[in-house]
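Enquirer: Chains as they are written, first to last, in our numbering: chain A, 359 to 592; chain B, 122 to 334.
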């Protein structure tokens, strides 16, 4: 079948989301979705259309044991959950690791192939975390972080007006694919901030900005809401 | 973008924040997310897979997956409630498949919707809580979705019933056909036309909103 035909993709996506696509056809569709962005778009559009129909379903509070099991399963490896394999045995880790390894390899290739003066900085656009897109469908970007190609220095700059209470600071975090974010220090809500923290790009999947008390997070982990997030895409 | 009803988007705004924090490894935020969404998702799952123990397993899988995938959630692409509900529905539908593949796990008091004891005229909804509304009632009650409910009104009675049985109760085309005592081909075309008509109706509603506002 030619899945690039829009009507066909749309019909299959509708049946998938409505739940009538079953058995082998459903499994085939799921694996096709991974390589066909068009199918994924059609599916998201149908999900946006049909999921609000579930607002009328009577909620049923699950028994506490469900949360207890979930909590145990997502507990960090050192919390001793016996059934939980170590981080090194988890697929997610290796996926993330191979992602980082690819990123590193590509960065290295870029470094080797391009003459030093023309190395373009890497630009990460941070937009409001969890922002729901207004009518236009675009969440306005709020910060831009330019990182030198060698990952040693970064400059952040607010794009739109960021108003901040006097007793609050903005703190920048490097978010690894897995694990706790690392603080990159405080950044200015008004002007450019130069961040020099060694290898900013190492093991970083995204940058995030959180709202913290003056002077930054007292705990070393984000305590306030995450205001802006930008994924590192090479 | 503005297809989703108001309530849905408002609830979603808070959830986006929790999901973003869960994506950064914040367990407290994830616990809150569970608190606010699990009853909705459990309700949705339980309608599709009426076996409580299996529904609990499905719910558990859903949240473990959400925790692992929270970082990849993109608020610009979809709303959290839409994302979460879709994951839950897909898992629930997959669990039906497994259930059919492992008949020995079926409890004897809960014949699957495909079982043929039609003499008994057993209602498919017997196993749902007594006062739970049927799928058709749900379809007309999904009403904080104003545009959506208007669009649902525009469907023929058969289209409405076939879509409701498939969507809410996770029945396959064949099961809907059996339930409605109609030929399979007819049911398939009702469902397909109903979905197409909802789509074009919602698209027109968005155009009307844009023109009005």
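For glycine and all other residues, C-beta sits at the position ideal for the given N, C-alpha and C.
1) Run through DSSP, which three-state label would residue 460/A get?
2) Which residues bound the beta strand (DSSP E) around residue 419/A?
3) Determine which residues of the region 522-533 of chain A have a Cβ less than 9 Å from any Cβ of chain B, and write them out in chain order.
4) For residue 243/B, which residues in the same chain have their Cβ closer than 6 Å to its Cβ, ignoring the five residues on either side in sequence?
5) Counting along the chain, where does the beta strand (DSSP E) carrying residue 173/B start and finish?
6) Is residue 415/A close to chain B, meaning its C-beta is less than 9 Å from at least one C-beta of that chain?
7) Any chance you could list the alpha helix (DSSP H) runs of at least 4 consecutive residues sitting entirely within the region 251-321 of chain B, in chain order?
8) What do you get for residue 393/A, buried or exposed, if any count of 16 or more other CB atoms within 10 angstroms of its CB means buried?
9) Any chance the region 174-188 of chain B sits against the region 374-387 of chain A, with 3 or more Cβ pairs inside 8 Å?
10) What does a CB cutoff of less than 7 Å around residue 391/A pick up in its chain, not counting 5 residues either side in sequence?
11) Could you give the C-beta distance for residue 573/A and residue 527/A, rounded to a whole number, given that I count them as a contact under 8 Å?
12) Can you list, in chain order, the residues of its chain whose CB lies under 7 Å from that of residue 151/B, leaving out five sequence neighbours each side?
13) Give the single residue among 256/B, 269/B and 292/B whose Cα lies nearest to the Cα of residue 410/A.
14) Going by DSSP, what residue range makes up the beta strand (DSSP E) through residue 158/B?
15) Between which two residues does the beta strand (DSSP E) holding residue 324/A run?
16) Could you tell me the distance, in whole angstroms, from the CA atom of residue 421/A to the CA atom of residue 210/B?
17) Could you give the distance in angstroms between the alpha-carbon of residue 569/A and the alpha-carbon of residue 371/A?
18) So is residue 337/B in contact with chain A if we call contact Cβ pairs under 9 Å?
19) Buried or exposed: where does residue 463/A fall if 16 or more other Cβ atoms within 10 Å of its Cβ makes it buried?
20) On the DSSP bridge list, what partners appear for residue 514/A?
21) Could you round the C-beta distance between residue 145/B and residue 576/A to whole angstroms and report it? I think they count as a contact, below 8 Å.
22) If you measure between the beta carbons of residue 563/A and residue 516/A, is that distance less than 9 Å?
23) Using a Cβ cut-off of 7 Å, pull out every chain B residue sitting near residue 537/A, in sequence order please.
24) Could you tell me the boundaries of the alpha helix (DSSP H) in which residue 558/A lies?
25) May I ask you to list, following chain order, the residues of the region 165-195 of chain B that have a beta carbon less than 8 Å from some beta carbon of chain A?
26) Report back the beta-carbon spacing between residue 413/A and residue 287/B to the nearest angstrom; my notes put them in contact at under 8 Å.
27) Quick check on residue 141/B - is its C-beta less than 9 Å from some C-beta in chain A?
Expert: If we stick to the structure as given:
1) helix
2) Note, residue 419/A: premise wrong, no beta strand (DSSP E); not H, not E.
3) 531 and 533
4) For residue 243/B, the predicted model reports a pLDDT of 36, less than 50, meaning its position is unreliable and no value from the coordinates is stated.
5) Careful: residue 173/B lies outside any beta strand (DSSP E), inside the alpha helix (DSSP H) at 173-190.
6) yes
7) 256-262, 267-274, 278-290 and 294-301
8) Classification for residue 393/A: exposed.
9) In this structure the region 174-188 of chain B does not lie against the region 374-387 of chain A, because fewer than three pairs of beta carbons, one per stretch, are closer than 8 Å.
10) 397, 398 and 401
11) So it is a contact: roughly 6 Å between Cβ atoms.
12) 143 and 188
13) 269/B
14) Not the beta strand (DSSP E): residue 158/B falls in the alpha helix (DSSP H), residues 148-169.
15) Because chain A is modelled from 359 through 592, residue 324/A falls outside the range shown and cannot be assessed.
16) 19 Å
17) 40 Å
18) Chain B is shown from 122 up to 334; residue 337/B falls before or after that span and cannot be answered.
19) The residue is exposed, with fewer than 16 neighbouring Cβ atoms inside 10 Å.
20) 503/A and 551/A.
21) Wrong, their Cβ atoms sit about 17 Å apart, outside the cutoff.
22) no
23) 146
24) Careful: residue 558/A lies outside any alpha helix (DSSP H) and carries neither H nor E.
25) 165, 167, 168, 169, 177, 180, 181, 184, 185, 188, 189 and 192
26) That belief does not hold up - the Cβ atoms of residue 413/A and residue 287/B are roughly 18 Å apart, past 8 Å.
27) yes
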